[in-house]
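Line by line, the protein sequences are chains U, B and F. Terminal number for the first sequence in the numbering used here: 429, no gaps in between. Terminal number for the second sequence in the numbering used here: 281, no gaps in between. Terminal number for the third sequence in the numbering used here: 194, no gaps in between. Every residue, glycine too, gets a C-beta built ideally from N, C-alpha and C. Below: one structure, written as structure tokens.
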Amino acid sequence: MSFPWAKHYAPSNPLMKWVDERLPVPRLVYNAVGAGYPVPRNLNYFWNFGVLAGAALGIQIITGIVLAMHYGATADGAFNSIEHIMRDVNGGWLLRYAHANGAAMFFIVVYIHIFRGLYYGSYKAPREMVWLLGVVIFLLMMATAFMGYVLPWGQMSFWGAQVITGFFSAIPVVGESIRIWLLGGFAPDQAALNRFFSLHYLLPFVIAAVIILHIWALHIPGSNNPTGVEVKDEQDTVPFHPYYTAKDGVGLGVFLVLFAVLIFLAPNYLGHPDNYIPANSLSTPAHIVPEWYFWPFYAILRAFTSDFILPAKLWGVLAMFGSILLLFFLPWLDSSPIRSANYRPTYRTFFWILVADVLVLGWCGGSPATPLYVILSQICAAYYFAHFLIIVPIISRAERPTPLPNSITEAVLAKHGGTSPAQTALAAE
Amino acid sequence: MVRNLAMLVGAAFVVVLGWALFWTVQGQITDPAAPSIETSEWHKHPKELELESNGVFGKFDNRQLQRGFQVFKEVCAACHSLHLVSFRDLQKIGYSEAQVKAIATQWVIEQPSINPDTGEAATRKNIPSDHFPSPFANEIAARAANNNANPPDLSLMTKARHDGPAYVYSLLTGYQPQSAEMLKEFPDVKTPEGLHANPYFATMNIAMPAPLTSEGQVTYLDGTKPTVDQMAKDVSAFLVWTAEPNLTARHSYGWPVIIFLLIFVFLAWGAYQNVWRNIKH
Amino acid sequence: MAIVDTAVPPGEDPAPFHEEVEDPRRRDFINIAAVAWIGVGGAVVVLPLLNQMNPSADVLAQSTTEIDLSKIQPGQAIKTSFRKQPLFVRNLTPKEIAEADAVPLSELRDPETLEQRTKAGHTNWLITLGVCTHLGCVPLGAGEGENRGPYGGYFCPCHGSAYDTAARIRKGPAPKNLAVPDYTFNSATTVTVG
Numbered sequence: 001m002s003f004p005w006a007k008h009y010a011p012s013n014p015l016m017k018w019v020d021e022r023l024p025v026p027r028l029v030y031n032a033v034g035a036g037y038p039v040p041r042n043l044n045y046f047w048n049f050g051v052l053a054g055a056a057l058g059i060q061i062i063t064g065i066v067l068a069m070h071y072g073a074t075a076d077g078a079f080n081s082i083e084h085i086m087r088d089v090n091g092g093w094l095l096r097y098a099h100a101n102g103a104a105m106f107f108i109v110v111y112i113h114i115f116r117g118l119y120y121g122s123y124k125a126p127r128e129m130v131w132l133l134g135v136v137i138f139l140l141m142m143a144t145a146f147m148g149y150v151l152p153w154g155q156m157s158f159w160g161a162q163v164i165t166g167f168f169s170a171i172p173v174v175g176e177s178i179r180i181w182l183l184g185g186f187a188p189d190q191a192a193l194n195r196f197f198s199l200h201y202l203l204p205f206v207i208a209a210v211i212i213l214h215i216w217a218l219h220i221p222g223s224n225n226p227t228g229v230e231v232k233d234e235q236d237t238v239p240f241h242p243y244y245t246a247k248d249g250v251g252l253g254v255f256l257v258l259f260a261v262l263i264f265l266a267p268n269y270l271g272h273p274d275n276y277i278p279a280n281s282l283s284t285p286a287h288i289v290p291e292w293y294f295w296p297f298y299a300i301l302r303a304f305t306s307d308f309i310l311p312a313k314l315w316g317v318l319a320m321f322g323s324i325l326l327l328f329f330l331p332w333l334d335s336s337p338i339r340s341a342n343y344r345p346t347y348r349t350f351f352w353i354l355v356a357d358v359l360v361l362g363w364c365g366g367s368p369a370t371p372l373y374v375i376l377s378q379i380c381a382a383y384y385f386a387h388f389l390i391i392v393p394i395i396s397r398a399e400r401p402t403p404l405p406n407s408i409t410e411a412v413l414a415k416h417g418g419t420s421p422a423q424t425a426l427a428a429e
Numbered sequence: 001m002v003r004n005l006a007m008l009v010g011a012a013f014v015v016v017l018g019w020a021l022f023w024t025v026q027g028q029i030t031d032p033a034a035p036s037i038e039t040s041e042w043h044k045h046p047k048e049l050e051l052e053s054n055g056v057f058g059k060f061d062n063r064q065l066q067r068g069f070q071v072f073k074e075v076c077a078a079c080h081s082l083h084l085v086s087f088r089d090l091q092k093i094g095y096s097e098a099q100v101k102a103i104a105t106q107w108v109i110e111q112p113s114i115n116p117d118t119g120e121a122a123t124r125k126n127i128p129s130d131h132f133p134s135p136f137a138n139e140i141a142a143r144a145a146n147n148n149a150n151p152p153d154l155s156l157m158t159k160a161r162h163d164g165p166a167y168v169y170s171l172l173t174g175y176q177p178q179s180a181e182m183l184k185e186f187p188d189v190k191t192p193e194g195l196h197a198n199p200y201f202a203t204m205n206i207a208m209p210a211p212l213t214s215e216g217q218v219t220y221l222d223g224t225k226p227t228v229d230q231m232a233k234d235v236s237a238f239l240v241w242t243a244e245p246n247l248t249a250r251h252s253y254g255w256p257v258i259i260f261l262l263i264f265v266f267l268a269w270g271a272y273q274n275v276w277r278n279i280k281h
Numbered sequence: 001m002a003i004v005d006t007a008v009p010p011g012e013d014p015a016p017f018h019e020e021v022e023d024p025r026r027r028d029f030i031n032i033a034a035v036a037w038i039g040v041g042g043a044v045v046v047l048p049l050l051n052q053m054n055p056s057a058d059v060l061a062q063s064t065t066e067i068d069l070s071k072i073q074p075g076q077a078i079k080t081s082f083r084k085q086p087l088f089v090r091n092l093t094p095k096e097i098a099e100a101d102a103v104p105l106s107e108l109r110d111p112e113t114l115e116q117r118t119k120a121g122h123t124n125w126l127i128t129l130g131v132c133t134h135l136g137c138v139p140l141g142a143g144e145g146e147n148r149g150p151y152g153g154y155f156c157p158c159h160g161s162a163y164d165t166a167a168r169i170r171k172g173p174a175p176k177n178l179a180v181p182d183y184t185f186n187s188a189t190t191v192t193v194g
């Protein structure tokens with residue numbers, strides 16, 4: 001860490017001293033999340049969501065490991081093994097609902113975390129690597145969630161697998177071979193289910209490793225803040241512990257309340273009833289939809305209804321993957337030197353349009369593909385691509401930002417209307 | 001370089017979407033999609049069903065569940081399996097161990113087993129640890145006996161349909177002749193041979209004939225009047241339990257947990273204010 | 001190393017922060033309360049995570065087995081299953097009962113009479129687990145024609161433990177007699193084990 005005023009680890013506890021001298025993990029923790037990591041003092045609650053995402057991952061791993069003690073990855077037995085968990089395993093219903101709703105909580109938290117980044121310019125230099133690693137985490141999360149949803153082997157599990165793997169056949173020449181290779185067969189069956197279980201168990205640990213890199217990359221420049229102005233001085237910061245451990249505690253509490261409400265009072269609200277029907281390869285559900293966190297991308301996929309040189313299906317697949325892959329280029333698409341949208345009124349307007357756009361896309365993705373929803377999807381998908389690929393590059397050059405505060409402390413004091421004793425002392429020098 | 005490429009890609013997607021939009025709108029104007037019966041007013045949403053298990057404070061009414069089980073046993077079990085439920089689970093709705101053993105041994109459909117002397121397929125009486133056996137050996141036998149329809153397993157029915165409990169209740173009480181008005185608008189929906197009209201069913205015609213047709217089909221042991229409406233309500237309530245036997249436990253753990261966590265938020269907020277009390281932020 | 005005063009946020013004038021030095025405990029109480037409260041929550045959360053490993057309801061339901069004795073002739077035994085482990089049910093002949101009763105308890109490594117290992121009025125029915133108490137192999141002797149060992153009971157081929165007609169250990173490394181599970185007679189010809 002490059003802040004010279006950062007506190008140094010000086011353990012008084014003899015045990016901690018003994019460990020730290022031999023394996024410097026205690027000081028690593030101290031410097032990462034303890035009193036040794038200076039953080040801007042003006043972070044708002046949107047900065048809680050990274051920690052909450054980490055907590056959500058921890059919850060998924062723990063509940064997942066215990067569920068895997070009872071789950072059976074066979075096409076004949078998977079559905080029944082989940083019902084065995086729900087009915088006969090001690091507290092199994094709690095673990096299953098925690099894991100299913102935990103995935104939803106993970107995505108809610110991560111989406112807010114991403115949009116925080118978009119608003120406050122957290123993806124800009126020198127934090128591009130943090131952003132890139134974050135997009136990698138997001139892709140891994142989507143793969144993990146998709147495979148996890150297949151495991152209960154309900155109707156949506158099976159047909160979702162059918163649809164998603166079907167994307168690959170849109171690739172010309174090699175597509176069908178890739179699809180069959182992925183499935184280990186011609187349709188989702190035992191081979192696919194087994195390998196999805198294996199990978200679903202594996203990927204969360206890969207995600208954990210990338211998260212370590214993500215946090216490491218963040219701790220080099222240190223955290224961004226709502227003004228987007230970099231830390232200049234000791235008075236701009238507070239040590240992570242106890243200031244942000246305390247604040248994260250509040251955020252964690254709110255997270256857990258929402259989580260508990262879902263698990264105990266509305267455990268199937270975010271799910272689809274069709275997944276309580278065992279998979280039947282001969283009977284397609286009336287409306288195949290993925291889980292809600294994939295709906296915006298599903299809408300983009302289904303928006304491409306006409307061939308245009310390439311077949312419509314291929315356009316849909318390219319657009320759906322493209323909508324996520326374009327995020328990798330964002331630090332270079334947005335060339336504004338101003339980070340925070342608080343000082344970029346033009347960008348801010350389009351940001352909120354994007355938020356509305358993604359919400360509408362989500363609503364369309366969860367609805368049947370009737371003409372109204374298709375038309376809405378087409379308009380909103382067009383805006384989505386225009387936003388990142390055309391609008392943001394243009395306005396980042398052309399817009400007129402409002403004046404930035406000189407420092408974080410100045411912004412904080414301006415908010416409170418007054419000067420601190422330190423400021424007075426400085427002025428008196 | 002990146003920006004130019006990006007604009008190109010962006011423009012490409014926008015153009016293709018514009019093209020698709022044009023054709024979608026054009027298609028709607030020149031050849032609008034025919035209205036489907038499913039989204040029309042003729043396909044009815046489930047009626048409201050008030051059950052003890054409804055809502056965030058819901059819990060099971062064992063007496064109603066036992067009545068519902070009686071309806072299942074005497075009306076539905078002839079065709080529908082309940083294979084995720086074990087006989088021993090019935091103790092959770094108020095039957096004693098002895099009653100459960102009797103229900104199991106007296107259950108008409110026996111459990112598949114093997115003749116211990118010859119090794120041939122045979123059946124044996126059910127014991128409490130058995131799951132409810134299916135009335136049919138397999139799907140082919142089920143279809144053969146039911147005009148090519150496969151009576152679905154009912155264990156999860158109230159979770160496998162939107163608005164499940166109300167849906168089951170409405171379906172069972174919803175058999176009615178098709179109106180001439182509807183047939184004029186949707187002539188294709190006319191009930192084919194072998195099916196039965198029911199506006200609560202997705203396709204308006206269901207293979208199952210009305211299972212509850214007259215009062216008194218079941219004689220309730222607790223003396224409740226067995227009207228068609230009552231029997232339908234009771235079996236719906238029973239199927240809520242088969243789908244979610246832990247509902248009462250879930251609610252009774254849930255509220256203390258939520259209150260505990262709300263108190264934690266309050267305490268955490270206090271600690272946060274305390275830690276930050278002298279820092280302007 | 002400079003003394004780090006954690007009460008004073010960096011960059012702030014220290015004076016206001018040392019006013020309440022006489023009463024720091026009251027301030028920190030809320031911090032401790034919050035951490036303790038969620039700590040209790042954390043401990044409680046561990047319980048279902050551990051309890052899920054306990055036998056599930058379906059396993060517990062199969063923890064009893066009913067056995068039909070009617071086909072087992074005197075001198076015969078059957079091998080069946082109880083809680084997924086082998087169970088030996090043997091119909092002892094009067095000669096075998098006499099043999100067992102004749103053994104003085106002082107000669108036994110694990111002293112028990114045949115009476116203690118059977119039910120009153122049904123001393124001919126010897127019901128034991130078929131698991132050698134040495135290291136868990138399945139002893140021979142229950143099946144037709146199997147080696148009953150030097151004491152006419154059961155014989156474990158793994159390390160040579162020999163059991164007598166009351167399934168008591170007589171020779172070899174096994175420390176204890178074959179385990180007798182809980183069982184009750186429902187009638188003269190059926191027992192419920194477990």
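Can you name, in chain order, every residue of its own chain whose Cβ lies under 6 Å from the Cβ of residue i, other than the five neighbours on each side?
| i | result |
| --- | --- |
| D334 (chain U) | V392 and S396 |
| M7 (chain B) | none |
Using alpha carbons as the reference points, say which of the options lies closest to residue i.
| i | options | result |
| --- | --- | --- |
| D68 (chain F) | F:P139, F:K79 and F:A61 | F:K79 |
| T190 (chain F) | F:Q52, F:T65 and F:A36 | F:T65 |
| Q28 (chain B) | U:V412, U:H387, U:Y373 and U:F388 | U:Y373 |
| W19 (chain B) | U:F385, U:S306, U:L389 and U:T409 | U:S306 |
| N280 (chain U) | U:F146, U:L262, U:F3 and U:P152 | U:P152 |
| A33 (chain F) | B:A268, B:D234, B:Q26 and B:K73 | B:A268 |
| V45 (chain F) | U:I59, U:G54, U:F350 and U:E410 | U:I59 |
Please list the partners that residue i has in chain U, where partner means a Cβ-to-Cβ separation under 7 Å.
| i | result |
| --- | --- |
| F264 (chain B) | G253 |
| N246 (chain B) | W93 |
What do you get for residue i, buried or exposed, if any count of 16 or more other CB atoms within 10 angstroms of its CB means buried?
| i | result |
| --- | --- |
| V355 (chain U) | exposed |
| A109 (chain F) | The question names Ala, but residue 109 (chain F) in the sequence shown is Arg. Flag for R109 (chain F) reads exposed. |
| P192 (chain B) | exposed |
| G196 (chain F) | Past the edges of chain F, shown from 1 to 194, lies residue 196 (chain F), and the structure says nothing about it. |
| V51 (chain U) | buried |
| P278 (chain U) | buried |
| N177 (chain F) | buried |
| I258 (chain B) | buried |
| Y347 (chain U) | buried |
So which residues of chain B does residue i contact, with C-beta pairs closer than 9 Å?
| i | result |
| --- | --- |
| Q62 (chain F) | S129 |
| N177 (chain F) | The contacting residues do not exist; N177 (chain F) stays about 30 Å from chain B at best. |
Ordered along the chain, which non-local residues of its own chain (more than five positions away) have a Cβ less than 8 Å from that of residue i?
| i | result |
| --- | --- |
| A202 (chain B) | E38 and H43 |
| G194 (chain F) | S63, T64, T65, F82, R83, P181, D182 and Y183 |
When you measure from the CB of residue i to every non-hydrogen atom of the ligand ZN, does any distance come out below 8 Å?
| i | result |
| --- | --- |
| D88 (chain U) | Only the bare structure without any ligand can be found here, which leaves the ligand ZN out of the picture. |
Considering only the beta carbon of each residue, do residue i and residue j sit closer than 9 Å?
| i | j | result |
| --- | --- | --- |
| Y149 (chain U) | E21 (chain U) | no |
| A187 (chain U) | I61 (chain U) | no |
| S161 (chain F) | G92 (chain U) | no |
| P11 (chain U) | K17 (chain U) | yes |
Sorted by chain position, which residues of the same chain lie with C-beta nearer than 7 Å to residue i's C-beta, five sequence neighbours on each side aside?
| i | result |
| --- | --- |
| I72 (chain F) | I78, V89 and N91 |
| L65 (chain B) | I93, A237, F238 and W241 |
List, in order along the chain, the chain U residues whose C-beta lies closer than 9 Å to that of residue i?
| i | result |
| --- | --- |
| R277 (chain B) | Those within 9 Å of R277 (chain B) in chain U number zero; the least Cβ separation is about 11 Å. |
Output, in chain order, the set of chain B residues within a Cβ distance shorter than 8 Å of residue i.
| i | result |
| --- | --- |
| Y243 (chain U) | V275, W276 and I279 |
| A34 (chain F) | F264, L267, A268, G270 and A271 |
So residue i contacts chain F; which residues on that side make the cut at Cβ distance below 7 Å?
| i | result |
| --- | --- |
| F260 (chain B) | G41 |
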